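Beneath this line is the structure, given in structure tokens, with notes to follow.
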Amino acid sequence: MSLERLNPAELSPPTGFSHAVTATGSRLVFLAGQTALDGSGRVVGETLPEQFETALGNLLAALKAAGGTPADLARVTVYATDVADYRGRAPELGRVWRRLAGRDYPAMAVIGATRLWDEQALVELDGFAVLD
Numbered sequence: 121m122s123l124e125r126l127n128p129a130e131l132s133p134p135t136g137f138s139h140a141v142t143a144t145g146s147r148l149v150f151l152a153g154q155t156a157l158d159g160s161g162r163v164v165g166e167t168l169p170e171q172f173e174t175a176l177g178n179l180l181a182a183l184k185a186a187g188g189t190p191a192d193l194a195r196v197t198v199y200a201t202d203v204a205d206y207r208g209r210a211p212e213l214g215r216v217w218r219r220l221a222g223r224d225y226p227a228m229a230v231i232g233a234t235r236l237w238d239e240q241a242l243v244e245l246d247g248f249a250v251l252d
């Protein structure tokens, strides 16, 4: 499997994401949206960073179950109920990302959502990975 992260000089410098990712491999893993649900199905964490950490951990747990690692992520979409809060906390969320997933950033987007499936959820992440 090979992922190449592309960040053309004519685009704004990416912070915490890659502008494009090319992938070659033999297996795609599509990861369902993950929120801050614990093992019993309860949303945990009061703040966006707390919920982001749990949601990312859940996404990475699903990826690991499929035989992948964070470096295999080609694309992640973040759904946030408060994009202004997400932007304001971006440095803190970036530290969470680097601690759990490293610095091999996938192509990413953040989309504002008025509400997620679980009413208490502040953030949801989904994505796909490419494995050998």
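Numbering of the sequence shown is given in the numbering used here, commencing with residue 121 and proceeding in unit increments. We put the beta carbon where it would ideally sit given N, CA and C, even for glycine. Please read these numbers as outputs of a predicted model, since none were measured by experiment.
If you check the CB distance, Thr189 and Ala229 do not come in under 8 Å. Shown here, Arg162 sits in coil according to DSSP, grouped into three states, outside any helix or strand. Tyr199 has Ile231, Glu244 as its beta-bridge partners, per DSSP. Under DSSP, Leu193 shares a beta bridge with Ala249.
Around the beta carbon of Phe137, a 10 Å sphere encloses 16 or more other beta carbons of the protein chains shown; the residue is thus reported as buried. Residue ranges of uninterrupted alpha helix (DSSP H) with 4 or more members, entirely inside the segment 137–188 and ordered along the chain, are 168–185. In this structure, Val149 is the residue among Val149, Val243, Asp238, Thr142 with its C-alpha nearest to the C-alpha of Leu183. Where Arg125 is concerned, the enclosing beta strand (DSSP E) starts and stops at 122–126. Within the model, the alpha-carbon separation for Arg235 versus Asp205 is close to 15 Å.
Taking C-beta atoms as the reference points, Thr174 and Gly165 count as a pair closer than 8 Å.
Here Glu212 carries a helix assignment [DSSP, helix/strand/coil]. By the criterion of a C-beta distance shorter than 7 Å, Gly187 is surrounded in its chain by Leu251, once the five residues flanking it on both sides are discounted.
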